[in-house]
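Trainee: Take this structure, written in structure tokens, and hold onto it; I'll ask about it next.
Protein chains in written order, with the working numbering: chain A, 1 to 435; chain B, 1001 to 1327; chain C, 2001 to 2359.
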């Protein structure tokens, strides 16, 4: 009875094996898998990120002939923001000499963190994923420059504290996507609410209810918080802002995190969204020389997947581009450390750990003022970046604050405790000791 | 988390039986706002369920693809408009597209599956759902889009009403949704009871074979109901898209139509709207006044639990036909 | 000619009612087992084992579970994803409370928890069926999803809200966690799936399986002949959820390594329902065929453009993928509503007489 099945499985397996072995990458290239999501409910965020990431490397290939004379190959693998697909993409690309993974999904990041030390390929979750991975001793293979969620939240609270009569005695509402991503900052918020003296109100939004938030905002109206902070993604963002406008919540007291402040979120709302604030760490617009190069070498030649030129310089496009900048710089650092041109995942890890994006280097790259300097070390995988706040002026994002450094002294001990908790039930977890 | 620490004490009983009502009556303006929000989401659930009812009534097919048809219709409208075609022309063209879709579905899927068990037809509509998701994303792209509500003349903004020492806010778009829903229900009711095709439709719903024997073309009727469901989907898509963006995330909400149908009955047009309203009011009030007790976020399942309770006591729904397959 | 039974005499009742009465079938199944147990672990690479074989087996097990309920008992369920989740969370809790007990025991034990939950949500099936039951199973799906998020005890109060698999070993080999080799995980999954398939095929052939099928074919007649619907339906829900629960626990512990609620959402329920429909309702082998089809086809489709040197974006391929799956479902329902299993049966009939069609 099961003969056909056996044949089917056999054929499928053979075909699978064949497809895996065929596209073995040429020896002299740097292979970077890009786990993108251009489909599904979160495609609105996934598309610009994937475009920015791919375009920067295309620019490097066209302008400089790659990095250190070696061409960069970026291969996209569609995850649809689904964890199972992400793992499949990981398995299908890791054997081709992948240097680093940027999953752009907390769910997929959580799956890859334990795999990274085994396969010796680092994971760079740039400003997302598990906050605790900033502790380099416990997580040698995982990085989250320029800052984790906890650092970001502390910067946002610092900003609130600097406005008006401070944060003490205020009510802070926290509306979040009710998955790992949105739940991450809660322990920090709960700790800080005691030490900073504010009341925390939580409004979880289930993934299914992203577009039906009227009851959440009714509760906001009932509770009357002084400030709202949002950890949203995808369609949740614009819906939340629309609901906030509806209940007449003052938008200049509503702060989104850096995944809740894209052009795609605010463009449909337009002028009505004026005043809404969000955190960011990557510059906005195309006024940077590096962006101009991307337009000149890639977009104008039609080698980009961007639908129109106006979308270059969008918040999330620049985010993806910045991710590519970090990866490119880490590759350079790794090439310098090893003296090799073609590096491996393990070399890449050393490069990421030796990562140093100084103000001078940013200027050389044509990204002056794009972001705060980042410097990683063996112990610090978070890189000590800063965030700034941007405000929607009705048609575009404008930077409205200076770089706000996180409250490192408060966050670090909490990160250490969280890292210890993560590794506690994993007796064979590989750590490293830093000098 | 309180759910784990359920001890029967006075404070707990108070929080269930007294405090919510005190809340309600101490802030009547807020209660009114809650009811209005419930009404608005109820109308949208009702519209969604209406599409299911139309098709179920005439062909006995439980059309799982109704949710994706909503997204598809809205996307088509926005997509056509983005080529620089005026909004009303785009609307007309979208209606044509929905007609073509109905015709294609009838020709390619339904005609081939005549006389198959209901469950097979149900599964076929799941296949259709997948096909339309892929097709829609391929043609229009996956990113969320802005509904062209302003261009279609749907007013933006809100009106507030000072009452009970507070304020109740009504969005123009929500009012428009209610009006459109009412117009749709009445015109469908008129269509079903007064026109020749409407009567033929009801004949088909009663008995396929008898209808065939008096010369009613089943295939034609099916195209018409699928087309009507397509127009209802378009209306739903416009209203829903105006509230949030048009994106594929919307299709998840379509499953909410199932409990609405259980409540209203699978074959009743007023039932769909009233069922939708009951679910809309119920889930809002429960979430606002009681949801906090068990951690909030109850809207994702509350409707289904109401439906479950209903199934145990009145399986035919409020307005459904009495004869249902019971065990 | 290839399937000729001539000369295969059965001299006992046991031989006549065997699972595989025909020699060719026995050879086929033996060849397949050798392939799965020996060839795959020896020759397949990490990708084939991790991304194809392990998920295929796990989904096949879940599909067998759903097939017991939908295919054999006639009760449609859209809650399989959530029942898998119950198994996964139960297994996670069990292994955190009793870290020293073998993880294999825990995976199997967690099935009982999902069986219990399945029975509770199966209760309405005593009064209703068809689409109405779809609603109650969806209620289970959404309620359980909510519970997985809102009861932090279930995920040990992790900040991330996800369950992360600790490393556990059995017989001196690490079989869960990232440091376990793919082959070790594959072998554990394969053993469990093969054993449970064998049990399922015997359950179905036995008294209880026959009572399920009687309920499916005509419930009133079954009742008149002494089958208690309460017992038959609830036992189907229990067994089905047990299979789903074990599959869910294996999904997290031997495949994904970490899971959020998202891994158990309604998409998963649909995926498994598709496997059952395409494979063939009421066929164990169909569950395998459906799982292979639904899981492996998209992977091949994704690899296809690269294979033929066509440059198609990953996203476009994904859209086409959706369209193809949707179209295939409709195609199969029109051409062969009984699925791949029925096609195989037809093929076997043809092979039996080939090349003499009237023999």
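Beta carbons are placed, not taken as given, at the ideal position from N, Cα and C, and that holds for glycine.
Is the CB-CB distance between residue 55 of chain A and residue 304 of chain A below 8 Å?
Mentor: In this structure, residue 304 of chain A lies closer than 8 Å to residue 55 of chain A by Cβ.
Trainee: Using CA atoms only, rank isn't needed, just tell me which of A/378, A/401 and A/396 is closest to residue 388 of chain A.
Mentor: It is A/401.
Trainee: Measuring CB to CB, does residue 131 of chain A end up less than 8 Å from residue 406 of chain A?
Mentor: Result no, Cβ atoms of residue 131 of chain A and residue 406 of chain A do not sit closer than 8 Å.
Trainee: Residue 1025 of chain B touches chain C at which residues, Cβ-Cβ below 9 Å?
Mentor: In chain order: nothing, as chain C lies at least about 29 Å away.
Trainee: Under DSSP, the beta strand (DSSP E) around residue 39 of chain A begins and ends at which residues?
Mentor: Per DSSP, residue 39 of chain A belongs to no beta strand (DSSP E) and is neither H nor E.
Trainee: Thinking residue 1051 of chain B and residue 1024 of chain B are a contact (beta carbons under 8 Å), I'd like their distance in whole angstroms, please.
Mentor: About 34 Å separates the two Cβ atoms, so there is no contact after all.
Trainee: If you measure from the beta carbon of residue 111 of chain A to each beta carbon in chain C, is any gap under 8 Å?
Mentor: With 8 Å as the cut-off, residue 111 of chain A counts as an interface residue toward chain C.
Trainee: Consult DSSP for residue 1125 of chain B and reduce its assignment to one of helix, strand or coil.
Mentor: If DSSP states are grouped into helix, strand and coil, residue 1125 of chain B belongs with the helices.
Trainee: Since residue 251 of chain A and residue 234 of chain A are thought to touch, with beta carbons under 8 Å apart, how far apart are those beta carbons, to the nearest angstrom?
Mentor: Rounded, the Cβ-Cβ distance is 20 Å, inconsistent with contact.
Trainee: Would you mind working out which of A/222, A/203 and A/220 sits nearest residue 232 of chain A, comparing C-alpha positions?
Mentor: Closest option to residue 232 of chain A, Cα to Cα, is A/203.
Trainee: In whole angstroms, what is the alpha-carbon distance linking residue 1179 of chain B and residue 1215 of chain B?
Mentor: Residue 1179 of chain B and residue 1215 of chain B: Cα-Cα distance of roughly 37 Å.
Trainee: Quick check: what's the CA-CA separation for residue 2070 of chain C versus residue 2121 of chain C?
Mentor: If you take the alpha carbons of residue 2070 of chain C and residue 2121 of chain C, they lie about 15 Å apart.
Trainee: Below 6 Å CB to CB, which residues in the same chain sit around residue 2373 of chain C once its five sequence neighbours on both sides are set aside?
Mentor: For chain C, the structure presents residues 2001 to 2359; residue 2373 of chain C sits outside this window and is missing.
Trainee: Taking 8 Å as the threshold (beta carbon to beta carbon), is residue 84 of chain A in contact with chain B?
Mentor: Answer no: the Cβ-Cβ gap between residue 84 of chain A and chain B never drops below 8 Å.
Trainee: What residues in its chain sit with their C-beta under 7 Å from that of residue 416 of chain A, if we drop five residues either side in the sequence?
Mentor: So the qualifying residues of the chain are 135.
Trainee: Does residue 1230 of chain B come out as helix, strand or coil in the three-state DSSP assignment?
Mentor: The answer is helix: DSSP assigns residue 1230 of chain B an H, G or I state.
Trainee: Counting only beta-carbon separations shorter than 8 Å, does residue 2321 of chain C have a partner in chain F?
Mentor: You won't find chain F in this structure, because its protein chains are A, B and C.
Trainee: Could you check whether the Cβ of residue 187 of chain A sits closer than 8 Å to any Cβ belonging to chain C?
Mentor: Cβ-Cβ to chain C under 8 Å: yes for residue 187 of chain A.
Trainee: Using the Cα positions of residue 208 of chain A and residue 2130 of chain C, report the straight-line distance between them to the nearest angstrom.
Mentor: Approximately 25 Å between the Cα atoms of the pair.
Trainee: Could you name the residues of the segment 2260–2281 of chain C whose beta carbon sits closer than 8 Å to any beta carbon of chain B, in the order they occur along the chain?
Mentor: Flagged, chain order: 2266, 2270, 2273, 2274 and 2277.
Trainee: For residue 248 of chain A, count neighbouring Cβ atoms within 10 angstroms of its own Cβ and tell me buried if that reaches 16, exposed if not.
Mentor: By the neighbour-count rule (16 or more Cβ atoms within 10 Å), residue 248 of chain A is not buried but exposed.
Trainee: Assess, as a yes-or-no matter, whether the segment 28–39 of chain A is touched by the segment 2311–2323 of chain C under the definition of 3 or more beta carbon pairs within less than 8 Å.
Mentor: Yes, the segment 2311–2323 of chain C touches the segment 28–39 of chain A.
Trainee: Strictly under 8 Å for the Cβ-Cβ distance: is residue 1112 of chain B near chain C by that measure?
Mentor: Cβ-Cβ to chain C under 8 Å: yes for residue 1112 of chain B.
Trainee: In the DSSP assignment, what residue or residues form a beta bridge with residue 254 of chain A?
Mentor: Its beta-bridge partners are A/228.
Trainee: Name the chain C residues whose beta carbon is nearer than 8 Å to that of residue 1109 of chain B?
Mentor: Neighbours of residue 1109 of chain B on chain C, chain order: 2330 and 2334.
Trainee: Have a look at residue 260 of chain A and residue 45 of chain A and give me their C-alpha separation to the nearest angstrom.
Mentor: C-alpha separation (whole angstroms): 10 Å.
Trainee: At what residues does the beta strand (DSSP E) containing residue 2222 of chain C begin and finish?
Mentor: Not the beta strand (DSSP E): residue 2222 of chain C falls in the alpha helix (DSSP H), residues 2219–2224.
Trainee: Determine the chain B residues that contact residue 2142 of chain C at a beta-carbon separation under 7 Å, and present them in chain order.
Mentor: Here the neighbours are 1300, 1301 and 1304.
Trainee: How far does the alpha helix (DSSP H) with residue 184 of chain A in it reach, from first residue to last?
Mentor: Per DSSP, residue 184 of chain A belongs to no alpha helix (DSSP H) and is neither H nor E.
Trainee: Do residue 62 of chain A and residue 342 of chain A have their C-beta atoms within less than 8 Å of each other?
Mentor: No, Cβ-Cβ distance for residue 62 of chain A and residue 342 of chain A is not below 8 Å.
Trainee: Looking at the unbroken alpha helix (DSSP H) that takes in residue 430 of chain A, where does it start and where does it end?
Mentor: Neither: residue 430 of chain A is in no alpha helix (DSSP H) and is coded neither H nor E.
Trainee: Expressed to the nearest angstrom, what Euclidean distance is found between the alpha-carbon atoms of residue 1066 of chain B and residue 1270 of chain B?
Mentor: One C-alpha to the other measures close to 18 Å.
Trainee: Below 8 Å on the Cβ atoms is my guess for residue 332 of chain A versus residue 67 of chain A; work out the distance and round it to an integer in Å.
Mentor: Their Cβ separation, rounded to whole angstroms, is 6 Å, which keeps residue 332 of chain A and residue 67 of chain A in contact under 8 Å.
Trainee: Pull up the CB-CB distance for residue 227 of chain A and residue 253 of chain A, whole angstroms please, since I reckon it's below 8 Å.
Mentor: Yes, residue 227 of chain A and residue 253 of chain A are in contact; Cβ-Cβ is about 5 Å, under 8 Å.
Trainee: Identify each residue in the segment 165–177 of chain A for which the Cβ-Cβ distance to at least one residue of chain B is less than 9 Å, and report them in chain order.
Mentor: Of all residues in the segment 165–177 of chain A, none has a Cβ within less than 9 Å of some Cβ in chain B.
Trainee: If we require 3 or more residues per run, which beta strand (DSSP E) segments fall completely within the segment 42–124 of chain A?
Mentor: Qualifying beta strand (DSSP E) stretches, in chain order: 71–78.
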